[in-house]
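Residue numbers (the numbering used here), protein chains in the order written: chain A, 1 to 521; chain B, 1001 to 1257. So the structure is just underneath, and the comments pick up after that.
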Amino acid sequence: MPPRVGSFARLLSTRWGALAKRAARSIRAGTKHVANVWNGMRFRVPKDRIAPLAADWGLLVLLSYCTYFLINHWYRALNNVSAVYRVHFPNYAYVVAVVATFLLAVLWENLGTSIGWKSAGLVRADTANRPLRFLPRAAHFFVDLAAWSLTALAAALALVPFAGLATLLYGVVSRAGLMLIPTVVFRPLGPWYTTFGWVIALVLALIVAGTASWWGARALWSWLWPGRKAERPWADRVVGSHVCKASDLERSGRPCPWWRTSWGLMALLLVAVSVYVGWLTAQVNLSTLVHRASSTGDYWQKLVTPDFKYFLAPEPDLHDTMLNGIIQTIFMALLATLLGFVLALPLSFLGARNMVTKNRLGWGIYTLTRAFFNIGRSIEPFVMAVLFATTLGYGPFAGCLALLVHTIAALGKLYSEQIEAIDPGPVEAITACGGGRTQVLRYGVVPQVVPPFLAFTLYRWDINVRMATVIGMVGGGGIGRFFNYFKNELRWHEVGAVIVIIAVVVWIMDYVSGRVRERIT
Amino acid sequence: MAEPQLVIEHLTKVYERGDVHALRDVSLTVNRGDFLVLIGLSGSGKSTLLRCINRLIEPTSGRILLDGVDITQAKGAELRKVRRRIGMVFQHFNLVKRSSVLTNVLAGRLGYAPPGPTLIGRFPREDVDRAHQSLETVGLLEKMYTRADQLSGGQQQRVGIARALMQEPELILADEPVSALDPATANSILQYLEAMNHQHGVTVICALHFLSLARRYGTRIIALKDGAVVFEGLPKEIDNVRFKEIYGEDAEEVEVR
């Protein structure tokens, strides 16, 4: 006999059972986004609902940081004190700021079209698919505010056991002679950082409680009213509105010009404020530019009369010619590019979504490879060269190694994106002919990617030559060594010569590789 | 004559993403030497059915028997042996555009050729001779060293057919082979398939959009609608009523000669 409609057993057996099944299926299929349906529209929750909110929140946090910065700046300017003085805020102000910006984001999304919603292409419309008028919007905001306040309350309540558990653990662990890591890390850093820890905990709790109450409300609704879909938020139900794509909207009349919409105004404000704060942070000083420029005529004069004496003759202190230096730079770049090509090639196949097998191991390999590419690319070769030069000793080897690591990561990323963009047709055809994995790669994939790979590699050599000149300045060898030496000795004629050599070589490389790439693709 | 070659039993395919039922309990039998035409609207499951037969798509449930052997469980080398017996011709030709015509045709032999040498582009002498023969059959021998993307649509599809010929197939799956071609070229392409069917007794399963072509070339017609078989029979049995059943009330037949 089936459980009674609306009974707790049914709730467990159907709703949660279905959810668990769906979650298991989506994990198996390797899909991260589960589509939800509101009013017949398919929404991918992380992309369509959470990302816009996070973006709006982030923008408001940026704005509040700028406000904080400007308050400090004006305080110093008015009281004529140095930059070490700060306006003192109580610790809880940071927590208040996090919560307040979140609520402001909700307000913004309700009353106008926020930047997040604009970029996701979402609008809130009434039942006739017309944009919502102001009063329903305001009503919607108050209901939404209530819902979010309840969520925040739930988050705060969720924090209580967290805190209790943490205190308990701290007691147990410290009595056992061990310390809880966050306390150890945060406490010596002072009260501000302890607050920061609580802010992180609060955000986490908001996310946990928000998700839990979301699913909880869904389950409760379908328990109370079986058969009815519980997919519309409460605020939408009360006002009779729904979220839809802007393209589905029935518009009448002239659309509002962008600079009168809330996202347009906010964008203008953000640009203006960040330019102002950036100006202050970068310590731009136009008067310096003017009065220093007049006193450096001698320096410029020396720079523009380059001295090529040591182009062919060895420089007595460096025991080398500039010609050798630039040749060393070019070969460093060449070696890094060629080795990078050889090493990035196999890695790129592991980092291409359509090449790795679609099981969990495949996803692991894919994620690891992509992580390596992203991390390797985000550390500048300049920084790596400093590290390698310190450990391996100054010279072209360290510079070359730094270039190599960056090249592998950068080429690997470009290659795997190229592999992901291939036409799947030939792969399908070779598979249908009975070709094995390696044969599919050789006949279906490789012919499609060889020309773009060559083009990328040439482009990379070009970039590497430019980077190699810079790397020499931090101990990576090549022409950069000359630049660094002459600069320190204030021999501006020779510095001018080095600059000319670098510019000519880079220009030639750029031109040649550009022409060759044109022919390839 | 009526010897069953391919038997499909209760084939079902559900795409996990979005719960799309592409095939619903499809059962059919294809006899050796048939020229079977699949018709139906776009999205009715024709491509999915064809791709299930050579396992480019994994069916959710059901069995496919090729010469009495269930191929839905085949794996690895066994699956490759099954695939090489089944030639396939595609709507968008699926040639490697940057490779030469000869390389594209030779690729059809990958199921037979020794795997090691093929990786450096070496094929046995007899395979190369066979490639010349197949290209001669489709009348493209002089284009052998041309890059595939420099050929016209009809010529590319002929290369596709030559590639399928290389497999010495017992069965050819053609997924809307003429949808991307003009009517005159379409007829010539289908005549190549018909010639293989008549002269070598190769079974052909061909998805087509135009009923006039289906009537002219097909010995049997199967119509799919929303993933289920709605009609099975001879070409002449499709009258106006059946046509509306398959394509919907608003459809009008378009003639292609």
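Even for Gly, the Cβ is constructed at its ideal location relative to N, Cα and C.
For residue i, does the three-state DSSP call read helix, strand or coil?
i                  : result
His1092 of chain B : coil
Arg1055 of chain B : coil
Gln1005 of chain B : strand
Thr31 of chain A   : With a pLDDT of 39 at Thr31 of chain A, under the threshold of 50, the modelled position of that residue is not reliable, and the figure given next carries that caveat. In this structure, Thr31 of chain A counts as coil in the three-state DSSP scheme.
Phe1243 of chain B : helix
Cys66 of chain A   : helix
Gly514 of chain A  : helix
Leu1065 of chain B : strand
Lys358 of chain A  : coil
Ala333 of chain A  : helix
His291 of chain A  : helix
Leu132 of chain A  : coil
Phe341 of chain A  : helix
Ile71 of chain A   : helix
Thr1029 of chain B : strand
Ser1100 of chain B : strand
Thr151 of chain A  : helix
Ala385 of chain A  : helix
Is the CB of residue i under 8 Å away from at least one CB in chain A?
i                  : result
Leu1102 of chain B : no
Ser1179 of chain B : no
Val1096 of chain B : yes
Met1196 of chain B : no
Gly1143 of chain B : Per the sequence shown, residue 1143 of chain B should be read as Lys rather than Gly. Chain A, which has no Cβ nearer than 8 Å to the Cβ of Lys1143 of chain B, makes this no.
His1092 of chain B : yes
Gly1108 of chain B : yes
Thr1072 of chain B : no
Thr1137 of chain B : no
Thr1146 of chain B : no
Let me confirm a value: residue i is counted as buried when at least 16 other C-beta atoms fall within 10 Å, else exposed. Which label applies?
i                  : result
Arg1122 of chain B : exposed
Asn488 of chain A  : exposed
Gln958 of chain B  : It is not possible to answer for residue 958 of chain B, since the shown part of chain B is limited to 1001 through 1257.
Ala1107 of chain B : buried
Cys1206 of chain B : buried
Ile502 of chain A  : buried
Asp1129 of chain B : exposed
Lys1046 of chain B : buried
His242 of chain A  : buried
Ala93 of chain A   : exposed
Can you find a C-beta in chain B that's less than 8 Å from the C-beta of residue i?
i                 : result
Arg442 of chain A : yes
Pro452 of chain A : no
Pro447 of chain A : yes
Gln439 of chain A : yes
Ala235 of chain A : no
Ala432 of chain A : yes
Gly553 of chain A : Outside the shown range of chain A, which is 1 to 521, sits residue 553 of chain A, and nothing can be said about it.
Ala429 of chain A : yes
Gly425 of chain A : yes
In the DSSP assignment, find the beta strand (DSSP E) that holds residue i and state where it starts and stops.
i                  : result
Leu401 of chain A  : Run containing Leu401 of chain A: none in the beta strand (DSSP E); it sits in the alpha helix (DSSP H), Pro396 to Glu420.
Ile1039 of chain B : Phe1035 to Ile1039
Leu1173 of chain B : Leu1171 to Asp1175
Ser241 of chain A  : Ser241 to Lys245
Asp1127 of chain B : Premise fails: Asp1127 of chain B lies in the alpha helix (DSSP H), Arg1125 to Thr1137, not in any beta strand (DSSP E).
Arg251 of chain A  : Looking at the DSSP string, Arg251 of chain A is not in any beta strand (DSSP E), and its letter there is neither H nor E.
Val284 of chain A  : Counting along the chain, Val284 of chain A falls outside any beta strand (DSSP E), and DSSP gives it neither H nor E.
Gly1233 of chain B : Ala1228 to Gly1233
If you follow the alpha helix (DSSP H) that residue i is part of, which residue opens it and which one closes it?
i                  : result
Phe482 of chain A  : Ile479 to Asn488
Asp126 of chain A  : Premise fails: Asp126 of chain A lies in the beta strand (DSSP E), Leu122 to Asp126, not in any alpha helix (DSSP H).
Gly425 of chain A  : Pro424 to Ala432
Phe453 of chain A  : Val446 to Ile471
Leu1165 of chain B : Gly1153 to Met1166
Among residues of its own chain, excluding the 5 on either side of residue i, which ones have a beta-carbon nearer than 7 Å to its beta-carbon?
i                 : result
Leu335 of chain A : Cys400
Phe373 of chain A : Gly351, Ala409, Gly412 and Lys413
Cys256 of chain A : none
Gly30 of chain A  : Residue confidence for Gly30 of chain A is low, a pLDDT of 44 falling below 50, so the modelled location carries little weight and cannot support an answer.
Asp423 of chain A : Gln448
Could you pull out every residue in the same chain whose Cβ sits closer than 8 Å to the Cβ of residue i, ignoring the five residues on either side in sequence?
i                  : result
Val1020 of chain B : Val1014
Pro52 of chain A   : Glu109, Ser114, Gly116, Trp117, Ser119, Ala120 and Leu122
Once the 5 residues before and after residue i are set aside, which same chain residues still bring their CB inside 6 Å of it?
i                  : result
Val273 of chain A  : Cys66
Ala1228 of chain B : Arg1024
Tyr1145 of chain B : Ser1100
Hey, is residue i close to the ligand SAH, as in C-beta under 7 Å from one of its heavy atoms?
i                 : result
Val123 of chain A : As for the ligand SAH, it is missing from this structure, which has no ligand bound.
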